[in-house]
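Reading through the structure tokens given below for one structure.
Residue numbers (our numbering): 97 to 505.
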């Protein structure tokens, strides 16, 4: 059960977890919408700057690279500032990043993208620290998963609201980008006036780099953390591959771009619902058991995509919706496990150290998929080959679960 994820004691949790959950979920929505703001407006931005829309992909990569490095040092930042102040900092970074993007000046846009990436990399370590303090242990997977439902919801907000604002403004994408900073600004005010940050703790000895190295060494020495790091890399790669290539696969199979986009939107919404459902399941079944089930189902659904043309249209849609519900469902369960395996007072550091590998999966996964497609020339076959990632994740999860059970016997 979930107790096998940790034998360490957690910090005492005060009453009242719904308020922090609501605020952290809204912050997650704002974080995702901010980082995806430029991609949601890619055609308008590309026309304005006189570049190809595919160049926006480099901006996304820059955000994730910055996020990966920020996540690696997040433990030191949370330790130095306290989690509530880190949330304030990230919201300020989102506002500044969007303002810099709105200048339409290449150097400023690069700096803005880095601000967004650093803010995004700090988000989960800080919010995990806050939620771990306020959430009863038996609700942790649900709470972390509910908060993570803000990721697909933020994507929907960015992809629906920002293009509509741009059209309403007659092509004014820069003003739309500035307006995208409004949620972060409102949440900053709310968090400043409602939060009660703890007094700053005494920093651990050594510089930030030394602490980051210690956190990674501790990760490699702990079998549970090694497994979680591998799962984070594998499952994040799988999730990004599904998100990035669903539309192009459907269009290749004769769907219109509008219809394919509608299926992709349904996939995202199912991902939001799936995260919450898997969180509830993990609180009953256990963390690694649930991660194993997610990997198994993801592998089965991906394997089935090789024969997409043989299925009725309704079954094709249901298959992608089911895939969205499982391929995106791991995040909250993973973050809850990261919190449980953390030493007292080190939830942010533990989460940041593990999320480095999640960012690596996000960066590498779509690129490897594109390389495989160049070799085999078929999206369905690529998805079938990538089903092995889901099955591998399931094997790793079950092996860790059995190892934990044998150690506790």
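Just so you know, even glycine gets a beta-carbon here, dropped at the ideal spot from N, CA and C.
Backbone CA spacing between residue i and residue j [nearest angstrom]
i, j, result
"residue 288", "residue 336", "33 angstroms"
"residue 465", "residue 331", "14 angstroms"
"residue 211", "residue 407", "45 angstroms"
"residue 444", "residue 365", "28 angstroms"
"residue 222", "residue 312", "18 angstroms"
"residue 253", "residue 280", "13 angstroms"
"residue 493", "residue 357", "33 angstroms"
"residue 178", "residue 273", "30 angstroms"
"residue 380", "residue 387", "13 angstroms"
"residue 159", "residue 213", "4 angstroms"
"residue 173", "residue 182", "7 angstroms"
"residue 436", "residue 322", "14 angstroms"
"residue 264", "residue 220", "34 angstroms"
"residue 457", "residue 410", "31 angstroms"
"residue 167", "residue 146", "33 angstroms"
"residue 217", "residue 114", "24 angstroms"
"residue 341", "residue 163", "23 angstroms"
"residue 194", "residue 361", "24 angstroms"
"residue 200", "residue 269", "10 angstroms"
Cβ neighbour criterion (16 or more within 10 Å) applied to residue i
i, result
"residue 227", "buried"
"residue 260", "exposed"
"residue 497", "buried"
"residue 378", "buried"
"residue 191", "buried"
"residue 440", "exposed"
"residue 239", "buried"
"residue 152", "buried"
"residue 359", "buried"
Beta-carbon proximity list for residue i, same chain, < 8 angstroms, skipping 5 on both sides
i, result
"residue 283", "119, 122, 123, 126, 187"
"residue 505", "Confidence in residue 505 is poor, its pLDDT being 49 and thus under 50, which makes the residue's placement unreliable; the coordinate value appears in the next sentence. Within the same chain, residue 505 has no close Cβ partners at all."
Same chain, Cβ closer than 6 angstroms to residue i, five either side skipped, listed in chain order
i, result
"residue 461", "333, 336, 337"
"residue 372", "241, 242, 245"
"residue 367", "248, 420, 424"
As assigned by DSSP and simplified to three states, the class of residue i
i, result
"residue 552", "Given that the chain is displayed from residue 97 to residue 505, the structure contains no residue 552 and the question cannot be resolved."
"residue 408", "coil"
"residue 268", "coil"
"residue 234", "helix"
"residue 426", "helix"
"residue 476", "helix"
"residue 388", "helix"
- Message: Which runs of the alpha helix (DSSP H) at least 4 residues long sit entirely within the segment 439–484? Give them in chain order.
- Response: The segment 439–484 is shown to contain whole alpha helix (DSSP H) runs of 4 or more residues at 443–472, in chain order.
- Message: Going residue by residue through the segment 156–234, where are the continuous alpha helix (DSSP H) segments of at least 4 residues, counting only ones entirely within it?
- Response: The qualifying runs are 170–177, 179–197, 202–230.
- Query: In the segment 299–384, which residue ranges form an unbroken alpha helix (DSSP H) of at least 4 residues, counting only runs that do not cross its ends?
  - Reply: The DSSP assignment places complete alpha helix (DSSP H) segments of no fewer than 4 residues inside the segment 299–384 at 304–317, 319–348, 353–381, in order along the chain.
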